[in-house]
Each structure stands twice: as structure tokens, then as C-alpha cells.
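Note that the protein sequences, when read in sequence, are chains A and B. Our numbering puts the first sequence at residues 348 to 692. Our numbering puts the second sequence at residues 348 to 692. Here's the structure, in C-alpha cells; my notes come after.
2 protein chains.
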Amino acid sequence: MKLTILFGGASFEHEISIISAITLKEKLSTHELSFIFCDQDHKFYLIEPSKMRASTFSKGEHKKMPQLSLTNGYFEQKSMFSSTKHAGVVLNLIHGADGEDGTIPSLLDFFDIKYIGPRVDASVFSYDKRYTKWLCEAKKIKTIEYEVLSSNEHKNINIQYPIIVKPARLGSSIGLSVVKEESELDYALDVAFEFDRSVIIEPFICGIKEYNLAGFMAKGEFHFSIIEEPQKNEFLDFEKKYMDFSRSESVAKAELNSTVELKLKSTFEKIYKNLFEGALIRCDFFVLNSEVYLNEINPIPGSMANYLFGDFETSLELLASSLTAQKRAKTNYEYIHSISKAKGK
Amino acid sequence: MKLTILFGGASFEHEISIISAITLKEKLSTHELSFIFCDQDHKFYLIEPSKMRASTFSKGEHKKMPQLSLTNGYFEQKSMFSSTKHAGVVLNLIHGADGEDGTIPSLLDFFDIKYIGPRVDASVFSYDKRYTKWLCEAKKIKTIEYEVLSSNEHKNINIQYPIIVKPARLGSSIGLSVVKEESELDYALDVAFEFDRSVIIEPFICGIKEYNLAGFMAKGEFHFSIIEEPQKNEFLDFEKKYMDFSRSESVAKAELNSTVELKLKSTFEKIYKNLFEGALIRCDFFVLNSEVYLNEINPIPGSMANYLFGDFETSLELLASSLTAQKRAKTNYEYIHSISKAKGK
Numbered sequence: 348m349k350l351t352i353l354f355g356g357a358s359f360e361h362e363i364s365i366i367s368a369i370t371l372k373e374k375l376s377t378h379e380l381s382f383i384f385c386d387q388d389h390k391f392y393l394i395e396p397s398k399m400r401a402s403t404f405s406k407g408e409h410k411k412m413p414q415l416s417l418t419n420g421y422f423e424q425k426s427m428f429s430s431t432k433h434a435g436v437v438l439n440l441i442h443g444a445d446g447e448d449g450t451i452p453s454l455l456d457f458f459d460i461k462y463i464g465p466r467v468d469a470s471v472f473s474y475d476k477r478y479t480k481w482l483c484e485a486k487k488i489k490t491i492e493y494e495v496l497s498s499n500e501h502k503n504i505n506i507q508y509p510i511i512v513k514p515a516r517l518g519s520s521i522g523l524s525v526v527k528e529e530s531e532l533d534y535a536l537d538v539a540f541e542f543d544r545s546v547i548i549e550p551f552i553c554g555i556k557e558y559n560l561a562g563f564m565a566k567g568e569f570h571f572s573i574i575e576e577p578q579k580n581e582f583l584d585f586e587k588k589y590m591d592f593s594r595s596e597s598v599a600k601a602e603l604n605s606t607v608e609l610k611l612k613s614t615f616e617k618i619y620k621n622l623f624e625g626a627l628i629r630c631d632f633f634v635l636n637s638e639v640y641l642n643e644i645n646p647i648p649g650s651m652a653n654y655l656f657g658d659f660e661t662s663l664e665l666l667a668s669s670l671t672a673q674k675r676a677k678t679n680y681e682y683i684h685s686i687s688k689a690k691g692k
Numbered sequence: 348m349k350l351t352i353l354f355g356g357a358s359f360e361h362e363i364s365i366i367s368a369i370t371l372k373e374k375l376s377t378h379e380l381s382f383i384f385c386d387q388d389h390k391f392y393l394i395e396p397s398k399m400r401a402s403t404f405s406k407g408e409h410k411k412m413p414q415l416s417l418t419n420g421y422f423e424q425k426s427m428f429s430s431t432k433h434a435g436v437v438l439n440l441i442h443g444a445d446g447e448d449g450t451i452p453s454l455l456d457f458f459d460i461k462y463i464g465p466r467v468d469a470s471v472f473s474y475d476k477r478y479t480k481w482l483c484e485a486k487k488i489k490t491i492e493y494e495v496l497s498s499n500e501h502k503n504i505n506i507q508y509p510i511i512v513k514p515a516r517l518g519s520s521i522g523l524s525v526v527k528e529e530s531e532l533d534y535a536l537d538v539a540f541e542f543d544r545s546v547i548i549e550p551f552i553c554g555i556k557e558y559n560l561a562g563f564m565a566k567g568e569f570h571f572s573i574i575e576e577p578q579k580n581e582f583l584d585f586e587k588k589y590m591d592f593s594r595s596e597s598v599a600k601a602e603l604n605s606t607v608e609l610k611l612k613s614t615f616e617k618i619y620k621n622l623f624e625g626a627l628i629r630c631d632f633f634v635l636n637s638e639v640y641l642n643e644i645n646p647i648p649g650s651m652a653n654y655l656f657g658d659f660e661t662s663l664e665l666l667a668s669s670l671t672a673q674k675r676a677k678t679n680y681e682y683i684h685s686i687s688k689a690k691g692k
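Structure, rendered in C-alpha cells:
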């Protein structure tokens with residue numbers, strides 16, 4: 348399989364994306380991979396595969412590598428007298444802003460480049476946790492109760508402590524706090540508002556079970572990963588999560604009764620269908636008293652949740668080969684012609 | 348005011364966008380305008396203002412004009428030995444696909460170009476009528492009851508005839524039918540499915556009043572147009588609507604009691620706030636028994652609904668001058684540095 352991994356982005360998850368890309372390079376070592384880095388100034392660079400290590404970017408060495416620009420159908424590398432095309436399927440591996448907020452999907456769609464990843468609608472509904480709640484309400488999927496706070500707002504919180512405070516639009520646990528009592532609230536809000544104007548507050552439910560399930564649709568059928576019960580030390584802080592993005596070892600299947608397993612899968616399908624086509628996503632669920640609640644949707648999971656798939660390479664190949672091209676509307680200037688005719692011009 | 352009007356796009360509303368741009372050229376004749384045309388192959392052209400007439404595009408004459416490409420901060424015109432920058436505020440006047448579905452907003456955001464128009468989230472919620480319904484449910488705004496049909500689905504419709512059948516993702520009444528009895532349904536569905544995989548069905552309510560209100564937020568305050576009661580001949584078909592996009596004459600204010608007027612404005616504010624900032628939008632409402640229902644949101648209304656504003660030019664100037672720049676997240680490679688240190692590298 349030939350695949351171009353697009354990573355980086357102007358995002359708080361920029362470094363995490365680099366780690367994800369390095370992990371996938373190892374995981375997909377038998378494939379023909381290219382690497383395109385989007386830096387924080389939104390410039391694209393073609394990265395020599397042998398230079399795919401963290402220090403290349405932290406030291407700014409990528410700036411010596413060829414710069415690319417987007418053009419219809421491919422990334423273009425221009426030199427004084429020639430131009431090289433970098434075409435082929437792109438894997439959008441930009442976590443957070445740019446990659447998951449709809450920007451990069453729009454760019455790839457506009458320039459007619461096939462890609463693995465959420466389309467613009469799916470991005471908007473998964474990137475902002477408020478909109479994920481709306482999506483779930485519309486699709487009759489349970490979520491934990493919540494409140495929204497804006498940075499310019501003074502409002503009493505009606506949810507009982509302990510609570511979770513998190514920025515509406517960030518993944519990877521960035522800016523997230525568990526608040527045990529009211530005296531700790533202001534600090535947690537300050538932290539969360541560093542990253543977003545809107546904050547989501549949810550109850551922190553002791554003893555709730557957490558399960559992660561990844562999957563995708565290819566050629567009309569769903570393909571699921573195993574279900575993992577992620578390790579919890581209250582929750583993953585950013586540094587632990589950061590290490591989490593470099594996971595490549597297969598994990599053990601969660602101990603689950605088959606009713607709950609079926610419920611998790613059918614909830615995943617409900618979320619995915621008619622919205623996430625083209626993407627491999629990971630849904631993080633809560634289970635309480637055998638009821639399934641959606642926690643969040645990761646439309647570009649860390650290192651593509653490779654560790655959840657028995658045969659990750661085959662899965663990715665299957666998805667890449669089932670991507671369909673976008674149809675562009677065409678006009679034949681029928682109305683302008685008919686009006687010109689009517690005017691006698 | 349200097350303003351760049353971006354129009355065209357690969358959309359069923361391509362021709363309508365051309366008409367809109369020509370109308371605005373006349374309406375804003377005292378201003379310094381530039382015109383950038385996005386053709387159906389997603390190429391950008393700088394259009395000589397004196398050539399801003401419908402036949403330029405229907406005859407393909409724009410192809411002889413300078414081609415532009417997007418780069419950080421501006422549209423760039425390259426010639427053999429030099430490059431010219433086209434910077435400044437853009438008015439996104441691409442109706443329908445590309446302009447209103449989030450694609451063009453993402454491109455302008457990515458390349459750091461200030462623009463009047465909906466951002467990507469706002470685009471997704473207004474472009475697809477299903478998502479507009481979800482938005483209204485979340486914000487407790489009334490809408491008409493509805494059902495969704497997918498092209499591969501056979502489903503009984505539980506709404507009583509007469510009904511309205513419309514594609515989920517098209518404006519300008521394209522593909523829309525009023526169906527009086529079941530025998531006419533199949534034909535109406537065929538028409539609507541020509542344009543989209545999803546179709547919205549709503550009851551056609553006789554005697555319902557329709558009101559249009561445009562507005563925007565600038566420097567923290569709302570600015571409203573007058574409220575119009577649009578002419579109805581059952582509904583506007585595409586050809587009539589097409590002519591409608593060239594409107595530039597001021598219209599009469601609708602006769603309305605002040606309670607309903609206030610309700611329309613407060614509903615508009617609820618829809619707009621924290622979502623449509625940066626855009627001048629037109630909301631089309633229904634009123635039945637003094638209750639306000641949202642019909643649809645036009646985030647880029649035809650010819651910017653200029654005919655609804657007492658002083659359109661001042662309004663647009665105010666909006667243009669209140670646009671704020673997007674902040675890009677930056678990283679200092681803190682985590683990569685700390686991990687490298689821990690590893691002793």
C-alpha cells in the first residue's frame with residue numbers, strides 16, 4: 348500500500364501528531380509511506396522518511412526539506428525548472444485543531460485529494476463536545492448530563508461534585524480537571540478557559556466503566572477493533588496521554604458480557620453511519636448498570652488506534668481502497684443563457 | 348471600503364452566485380472592489396471589474412484572465428518574473444456547495460485571510476437542513492415537524508398531505524416540490540434525490556405567514572435589517588429565485604405587531620450567538636398563531652440581502668471592520684524536549 352501521512356498542524360496537539368506519525372511509520376514499515384508535515388505556520392514539508400524522529404521538528408530541521416503546496420489533485424513540489432507531483436491517498440493524522448476541526452478535510456476535498464479521515468460535517472460534530480451532545484440527542488444515544496459555561500459568564504453549576512471540567516474543543520485530556528469541591532473550581536475553570544471560550548462540565552461518576560472501540564465502514568460493512576477497557580488512574584493526564592499516542596503493542600480484549608458488547612457496537616454504528624464514512628474512528632464509551640453512554644468520538648485517534656486491531660495493516664488497506672471520490676456539481680450556464688436569450692443579447 | 352468579492356464555486360448555485368456578485372458590484376459602486384471567481388474546477392481567477400457580466404463566465408472568457416492561488420495571508424498572482432499579492436477582507440459570496448458547506452471558510456481560515464461569511468461550524472449547521480433542526484432542538488427554537496428520507500430507504504411518511512419535499516443540503520428552492528397527494532410523491536422524491544442522498548419532508552401549512560430577517564453582530568452588538576414578508580406564489584421556483592438574487596431595490600417593511608417582531612429578533616439572536624459571528628445572515632421564519640418557527644438559515648443570502656438594509660453599505664463596512672483574526676495554537680516542543688531529556692538524547 349502507498350500512503351501519505353499528513354501530520355503536525357497548528358494545534359495544541361501538534362507534538363502528539365508527530366508522535367502518532369512516528370509510531371505509524373514503525374507499524375506500517377512494510378508499506379510505501381510518504382510523510383507530509385504541516386508546520387505551525389501552515390507550511391507543508393515533504394519529510395525524508397529516515398528523518399522521521401521527534402528532534403527533526405523540535406530542532407526545526409524540517410525547514411531544510413522540500414516545501415510543498417496544494418494544487419488540484421496533489422501536493423506539488425516546485426523547483427527552479429520543474430515540478431513533482433505527490434499524489435495518492437492521504438491519511439489525515441493531524442490531531443486537534445486543523446486536522447479534526449474540519450479545516451484539513453475541507454482543503455483535501457477542495458483540492459480533490461482522497462483521504463482517510465472525517466469529512467467536514469463529521470469533524471464539526473466530533474471536535475466540539477457540545478455538538479457531540481447534540482448529535483447524540485438527535486440520534487437518541489445516551490450521554491452523561493452536562494452543562495456549558497462560556498468564559499464571559501457567571502453561572503451556578505447544578506451538577507453535584509465531584510465534577511469534570513474540560514474545554515469544549517480539545518482532545519487528549521488537555522485542560523481537563525477533576526474537581527472534588529467548589530473551592531477548586533475557579534482554578535480548574537482558569538485552566539480550561541486557557542484553551543477554549545467554552546467549557547463542558549459533567550459529573551465525575553465513581554465506578555463507571557470505560558470502554559474504547561474503534562472501527563470503520565468499508566464497502567458497505569462495518570469492521571470493528573477489539574474492545575479495550577483503558578487503564579484509569581483517575582484519568583490520563585496530558586503527559587501520560589502523550590505517551591499513549593505512541594502505543595503500538597496489541598492490547599487485551601476487555602471482559603464484557605455479550606449484550607453490552609452488542610450494545611457498544613450498535614451504538615458505534617448509529618454514530619458512524621451517514622456521517623463518518625471515510626474515517627477510522629475510536630468511540631470512548633461509559634457503561635453504568637448495563638447502559639451505554641457515549642463519552643467522546645476520536646475521529647483521528649492517536650496512532651490510529653492501531654493497537655486495537657488484530658490486523659491493522661489489512662484494515663487500513665481495506666479502508667484506503669474503499670474511499671470514494673467526491674462529486675463536484677457542474678453547471679452548463681442554462682439560466683444565464685436563457686435570460687440572455689430573453690433579453691435578446 | 349476595500350473588499351474582495353469571492354464568487355462562483357462548484358455548486359448547483361454557481362450561476363446564482365455570479366448574479367449575486369454582479370448585483371453587489373452595482374450596489375457597492377462607490378467602493379474599491381476586486382472580484383475573484385472560483386470556477387467549477389476550483390481554479391481562481393481575478394476578474395477585471397468592467398468584465399463583471401454573466402456572459403464573461405458562460406462564454407468562458409474568465410479563463411483569459413489572471414489565475415490566482417491561495418497562499419498564507421493572500422491570493423497570489425504569479426507571472427514569469429514577479430508575484431502580486433491580493434490581500435484584504437474577502438466577502439464569501441459563493442452560495443451552496445463550497446461556499447456554504449464549510450469548504451471555502453476552511454480555506455480562508457487556513458490561509459489566514461479575513462472574511463465576511465459563516466465559519467466552518469456555522470456552515471455545517473446551516474447548510475444541511477437536518478443539522479439546522481438539531482441546532483434548533485438544542486437551542487429550544489421551534490421548527491416545523493419533519494421526517495428524513497435517505498435515497499436507499501423505503502419508509503412510510505407519517506406527515507399529512509400536502510407536504511414539502513426538499514433536498515437536505517440545497518438552498519434556493521432547487522429540487523423542492525409541494526406534494527398535494529401520495530400519487531405525486533415518487534416524482535417529487537426523484538427530483539429531490541437528484542441533488543442529495545437525503546431529503547427532508549415537512550407539512551405544507553396553508554396560511555402560514557413567512558417573514559425574513561437579516562442581521563449580523565459587530566463590536567458586540569446586533570444590527571438588524573427590516574423584516575420582510577416575502578411574496579409567495581406557493582413558493583419561489585428556481586427561475587424566480589434566480590431573478591430574486593439580483594434584487595437591489597429596497598423593500599417595504601412587513602406589517603407586524605411588536606410582540607412578534609421582538610420574538611423574531613430574539614430568535615435570530617439565539618441562532619446567531621456563538622456560532623455565526625463574522626457573517627451577515629438571513630433567517631427565514633414562519634409565524635403561526637403568534638408562534639415563531641425557524642424555516643431556514645441563509646448564511647450567505649442572495650446579494651447579501653442588501654435590499655433589506657436601510658444603509659447596506661454602512662452595515663457591510665461595520666461588519667468588515669469588526670472581524671477578528673483567528674488565533675493559531677503554537678507549541679514550543681516542551682514535551683518532546685522533556686522526553687528527549689529523560690531519554691538522555
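Cβ atoms here follow ideal geometry from the backbone N, Cα and C, with glycine treated the same way. Predicted model only: the values in this text are computed from it and were never measured.
DSSP bridge partner residues for residue i (one or two, in chain order)
{"i": "A:Phe384", "result": "A:Phe354, A:Tyr392"}
{"i": "B:Gly562", "result": "B:Phe571, B:Ile628"}
{"i": "A:Val639", "result": "A:Val634"}
{"i": "A:Ile504", "result": "DSSP lists no partner for A:Ile504."}
{"i": "B:His433", "result": "B:Phe422"}
{"i": "A:Asn645", "result": "A:Arg629"}
{"i": "B:Leu349", "result": "Checking the sequence, you will find Lys at residue 349 of chain B rather than Leu. B:Lys349 is bridged to B:Glu379."}
{"i": "A:Ser416", "result": "A:Glu423"}
{"i": "A:Thr490", "result": "A:Leu641"}
{"i": "B:Glu408", "result": "According to DSSP, which records beta bridges pairwise, B:Glu408 is partnered with nothing at all."}
{"i": "A:Glu557", "result": "A:Phe633"}
Beta carbon proximity, residue i to chain B, threshold 8 Å
{"i": "A:Gly449", "result": "yes"}
{"i": "A:Leu666", "result": "no"}
{"i": "A:Lys677", "result": "yes"}
{"i": "A:Phe633", "result": "no"}
{"i": "A:Leu454", "result": "yes"}
{"i": "A:His361", "result": "yes"}
{"i": "A:Tyr680", "result": "yes"}
{"i": "A:Val471", "result": "yes"}
Exposure label - residue i; buried when at least 16 CB within 10 Å
{"i": "B:Ala434", "result": "exposed"}
{"i": "A:Met651", "result": "buried"}
{"i": "B:Ala672", "result": "exposed"}
{"i": "B:Met399", "result": "buried"}
{"i": "B:Ser430", "result": "exposed"}
{"i": "A:Glu575", "result": "buried"}
{"i": "A:Glu581", "result": "Here A:Glu581 scores only 49 on pLDDT, less than 50, and its place in the model should not be relied on; the value that follows carries that caveat. By the neighbour-count rule (16 or more Cβ atoms within 10 Å), A:Glu581 is not buried but exposed."}
{"i": "A:Ala539", "result": "buried"}
{"i": "A:Gly407", "result": "exposed"}
{"i": "B:Met427", "result": "exposed"}
{"i": "A:Ser364", "result": "buried"}
{"i": "B:Cys553", "result": "exposed"}
Chain A within 8 Å of residue i, Cβ atoms only
{"i": "B:His684", "result": "yes"}
{"i": "B:Ser687", "result": "yes"}
{"i": "B:Phe354", "result": "no"}
{"i": "B:Val467", "result": "yes"}
{"i": "B:Ala357", "result": "yes"}
{"i": "B:His433", "result": "no"}
{"i": "B:Phe457", "result": "yes"}
{"i": "B:Ser426", "result": "no"}
{"i": "B:Gln387", "result": "yes"}
{"i": "B:Asn499", "result": "no"}
Residue span of the beta strand (DSSP E) that contains residue i, given as start and end
{"i": "A:Val437", "result": "437-439"}
{"i": "B:Leu513", "result": "According to the sequence shown, residue 513 of chain B is Lys rather than Leu. Taken as a continuous stretch (DSSP letters only), the beta strand (DSSP E) holding B:Lys513 covers 510-514."}
{"i": "A:Leu496", "result": "494-497"}
{"i": "A:Glu549", "result": "545-550"}
{"i": "A:Ser524", "result": "524-526"}
Alpha helix (DSSP H) segment containing residue i, residue limits
{"i": "A:Ser668", "result": "659-668"}
{"i": "A:Tyr619", "result": "605-619"}
{"i": "B:Ser405", "result": "401-405"}
At 4 residues or longer, what runs of the alpha helix (DSSP H) sit wholly inside the segment 443-479 of chain A? 450-457, 467-474
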